[in-house]
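S.K.: Here it is: the structure, laid out below.
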Ligand SMILES: Nc1nc2c(c(=O)[nH]1)N[C@H]1C(S)=C(S)[C@@H](COP(=O)(O)O)O[C@H]1N2
Ligand SMILES: [Mo]
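Numbering (this note's numbering), first residue to last: 2 to 200.
Structure, rendered in structure tokens:
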């Protein structure tokens with residue numbers, strides 16, 4: 002049984018309690034991209050969900066903005082060990098986008114303009130855990146951070162939050178994405194420190 006001295010539990014330990022293992026806190030917002038930033042025109046932007054039976058549902062930019070908007074405030078954890086707490090976004094919940102999509106799939110391969118992909122279980126996109134976001138701190142999402150729109154799935158390492166998102170393939174069998182093929186963990190839970198395949 003430990004004795005807690007008043008005043009001993011300082012800011013440092015409070016911050017440490019909020020951070021997954023092996024992460025450090027940063028207040029800036031580093032940019033990490035595997036390739037050039039694609040320029041995506043809002044007039045031609047689409048987001049397409051393709052089911053395992055190749056049924057497609059496509060939203061235009063106008064369609065996306067007409068859906069109910071949420072304002073999640075979330076912590077970000079990058080596998081390169083920086084974490085940024087309390088970022089606020091605007092976007093549409095995947096619960097809304099997938100509401101009328103008929104599927105028996107368990108897995109998702111996320112696609113981006115520019116060719117980036119990442120995979121995750123479908124259930125990790127549901128129940129208020131993921132959004133297609135287009136604003137950061139009330140401003141249009143900067144293209145370096147994935148604008149016009151990116152996936153935000155903050156309970157997994159940030160490489161799962163595909164920037165410049167263009168669509169989701171709903172799959173009955175898991176398929177590794179870009180970093181997952183290069184040895185990163187297939188799931189990527191920061192609290193279990195699942196950085197690399199086998200962690
Ligand atoms: N399309 C695309 N999305 C991406 C990436 C990328 O290279 N291309 N990098 C991923 C990685 S590894 C990280 S850590 C985050 C970084 O997001 P940020 O640049 O907004 O910090 O984006 C993720 N999404
Ligand atoms: Mo990353």
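Where a beta carbon is used, it is the ideal one built from N, C-alpha and C, also for glycine.
(1) At 4 residues or longer, and completely inside the stretch 59-130: list those alpha helix (DSSP H) runs for me, N to C.
(2) Is any heavy atom in ligand 1 found nearer than 7 Å to the beta carbon of residue 115?
(3) Give the C-beta separation of residue 139 and residue 158 to the nearest angstrom, bearing in mind that I take them to be a contact with Cβ-Cβ under 8 Å.
(4) Using a Cβ-Cβ cutoff of less than 6 Å, which residues in the same chain neighbour residue 71 once the five nearest sequence positions on both sides are dropped?
(5) Assess contact between the stretch 94-110 and the stretch 35-44, defined as three or more Cβ pairs (one per stretch) separated by less than 8 Å. Is contact present?
(6) Strictly by DSSP, which residues pair up with residue 173?
(7) Express the C-alpha separation of residue 181 and residue 83 in angstroms, rounding to a whole number.
(8) Which of the three DSSP states, helix, strand or coil, is assigned to residue 193?
M.R.: According to the structure data:
(1) 62-67 and 95-98
(2) Along the chain shown, read from residue 1 onward, the residue named residue 115 stands at position 114. Residue 115 Cβ: within cutoff of ligand 1.
(3) In the chain shown, the residue the question calls residue 139 occupies position 138. In the chain shown, the residue the question calls residue 158 occupies position 157. The pair is not a contact, with the Cβ atoms about 26 Å apart (cut-off 8 Å).
(4) The residue labelled residue 71 in the question sits at position 70 within the chain shown. 94, listed in sequence order.
(5) no
(6) Here residue 173 refers to the residue found at position 172 when the chain shown is read from its first residue. Its beta-bridge partners do not exist; DSSP assigns none.
(7) The residue labelled residue 83 in the question sits at position 82 within the chain shown. The residue labelled residue 181 in the question sits at position 180 within the chain shown. Taking the straight line joining both Cα atoms gives about 19 Å.
(8) Here residue 193 refers to the residue found at position 192 of the chain shown. Helix at residue 193.
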